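The listed protein sequences derive, respectively, from chains A and B. Per my numbering, residue 4 is the first one in the first sequence, and the count goes up by one each step. Per my numbering, residue 635 is the first one in the second sequence, and the count goes up by one each step. Ideal placement from N, C-alpha and C gives every residue a C-beta, glycine not left out. What you are looking at is a predicted structure, and each value in this text was computed from that prediction instead of being measured. Take a look at the structure set out below.
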Amino acid sequence: GAGVSQSPSNKVTEKGKDVELRCDPISGHTALYWYRQSLGQGLEFLIYFQGNSAPDKSGLPSDRFSAERTGGSVSTLTIQRTQQEDSAVYLCASSRGRIEQFFGPGTRLTVL
Amino acid sequence: TQLLEQSPQFLSIQEGENLTVYCNSSSVFSSLQWYRQEPGEGPVLLVTVVTGGEVKKLKRLTFQFGDARKDSSLHITAAQPGDTGLYLCAGGSSSNTGKLIFGQGTTLQVKP
Chain A
4 GAGVSQSPSN KVTEKGKDVE LRCDPISGHT ALYWYRQSLG QGLEFLIYFQ GNSAPDKSGL
64 PSDRFSAERT GGSVSTLTIQ RTQQEDSAVY LCASSRGRIE QFFGPGTRLT VL
Chain B
635 TQLLEQSPQF LSIQEGENLT VYCNSSSVFS SLQWYRQEPG EGPVLLVTVV TGGEVKKLKR
695 LTFQFGDARK DSSLHITAAQ PGDTGLYLCA GGSSSNTGKL IFGQGTTLQV KP
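Quick look at the structure:
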């Protein structure tokens, strides 16, 4: 596809379970970002990958959150031992440069 | 820590009215972007401004970046129901890593 894709679109899980969220960036985009958005609010930066450089993990809220990017393309955000406060929409974006980011539709995570 | 204060948080107006959304910070940003987001979708980039004092127009939308690159405004002329959505400002990190700092968003409703 031409845009950023994310899967699943919706995920409902029970408190304490682990979840994996996937992001497929636009082909050729070297930078990939993860953000979290609470209902009707702005986006909270989580993590940023740029090429082969070490990722900027400064936005990860706890050590239960981790992300990897394999082969410079697909990325997976993992949340271990999910808590109710983790419920949010998780958005992925990619960019070719450092300014314009293109967002996917997001994964809505609900932790019961 | 860089923060962006966006106001107003909610705005409900009649079709044909004008409106302005503000985005303010005490920090300097390398760039300022405005996004529009509809329910169930990711944010879509409207404009990027990078030079202090810069003004950009996109049909009925006018974007301005403050001279000191600490604030920005979005002005919509003769709003239409199709303008309804969540408007987000985002500042490029002063460390120029590509990370974006988002405002809390302005939910705009334009009534026919």
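Go to residue i, then tell me how far its beta strand (DSSP E) extends in each direction, as first and last residue.
i: B/ASP705; result: 705-710
i: A/LYS18; result: Premise fails: A/LYS18 is in no beta strand (DSSP E) and is neither H nor E.
i: B/GLN671; result: 666-671
i: B/LYS745; result: 740-745
i: A/SER12; result: A/SER12 -> no beta strand (DSSP E), and no H or E assigned at all.
i: A/LEU42; result: Segment: none, A/LEU42 is in no beta strand (DSSP E) and carries neither H nor E.
i: A/ARG72; result: 68-72
i: B/GLU639; result: 639-641
i: A/ARG111; result: 110-114
i: A/SER56; result: No beta strand (DSSP E) contains A/SER56, which DSSP labels as neither H nor E.
i: B/GLY726; result: 719-726
i: B/THR696; result: 695-699
i: B/ASN658; result: 653-658
Can you find a CB in chain B that lies within less than 8 Å of the CB of residue i?
i: A/GLU103; result: yes
i: A/ASP59; result: yes
i: A/SER98; result: yes
i: A/ALA34; result: yes
i: A/PHE68; result: no
i: A/TYR51; result: yes
i: A/GLY45; result: yes
Distance, Cα to Cα, residue i vs residue j?
i: B/GLN648; j: B/GLN738; result: 23 Å
i: A/THR33; j: A/LEU94; result: 17 Å
i: A/GLN83; j: A/VAL114; result: 12 Å
i: A/SER41; j: B/LEU645; result: 19 Å
i: A/ASP89; j: B/GLY674; result: 18 Å
i: A/GLN44; j: B/ARG703; result: 23 Å
i: B/LYS820; j: A/ARG67; result: For residue 820 of chain B there is no data in the structure shown, the boundaries of chain B being 635 and 746.
i: B/ALA713; j: B/TYR669; result: 17 Å
Figure out for me which residue from the options has the closest Cα to the Cα of residue i.
i: A/GLY75; options: A/TYR36, A/ASN13, A/THR16 and A/LEU24; result: A/TYR36
i: B/GLY726; options: B/LEU720, B/ILE735, B/GLY719 and B/THR718; result: B/ILE735
i: B/SER659; options: B/GLY716, B/ASP717, B/PRO642 and B/SER706; result: B/SER706
i: A/PRO64; options: A/GLY54, A/GLY31 and A/PHE48; result: A/PHE48
i: A/SER56; options: B/THR740, B/GLY650 and B/GLY732; result: B/GLY732
i: B/HIS709; options: B/ALA702, B/LEU720, B/PRO715 and B/PHE697; result: B/PHE697
i: A/GLN86; options: A/GLN104, A/CYS26, A/THR110 and A/THR16; result: A/THR16
i: A/ALA5; options: A/ILE29, A/VAL92 and A/GLN104; result: A/ILE29
i: A/LEU46; options: B/GLN643, B/THR741 and B/LEU722; result: B/LEU722
i: A/LYS14; options: A/VAL7, A/VAL22 and A/ILE50; result: A/VAL22
i: A/ARG25; options: A/ALA91, A/GLU71, A/GLU103 and A/PHE105; result: A/GLU71
i: B/CYS657; options: B/GLN743, B/GLN643 and B/GLN714; result: B/GLN643
i: A/GLN104; options: B/THR741, B/SER665 and B/ASN652; result: B/SER665
Can you tell me the Cβ-Cβ gap for residue i and residue j, rounded? I've got them flagged as a contact below 8 Å.
i: B/GLN667; j: B/VAL681; result: 7 Å
i: B/THR711; j: B/ARG694; result: 5 Å
i: B/LYS691; j: B/VAL683; result: Wrong, their Cβ atoms sit about 11 Å apart, outside the cutoff.
i: B/GLN671; j: B/VAL678; result: 7 Å
i: A/PRO108; j: B/GLY676; result: 5 Å
Closer than 8 Å, CB to CB, is residue i near chain A or not?
i: B/LEU722; result: yes
i: B/THR718; result: no
i: B/THR685; result: no
i: B/PRO677; result: yes
Hey, is residue i close to the ligand MG, as in C-beta under 7 Å from one of its heavy atoms?
i: A/GLU47; result: Annotation note on the ligand MG: not contained in the displayed structure, which lists no ligands.
Taking Cβ positions only, does residue i come closer than 8 Å to chain E?
i: A/GLY107; result: The displayed structure is made up of protein chains A and B, and chain E is not among them.
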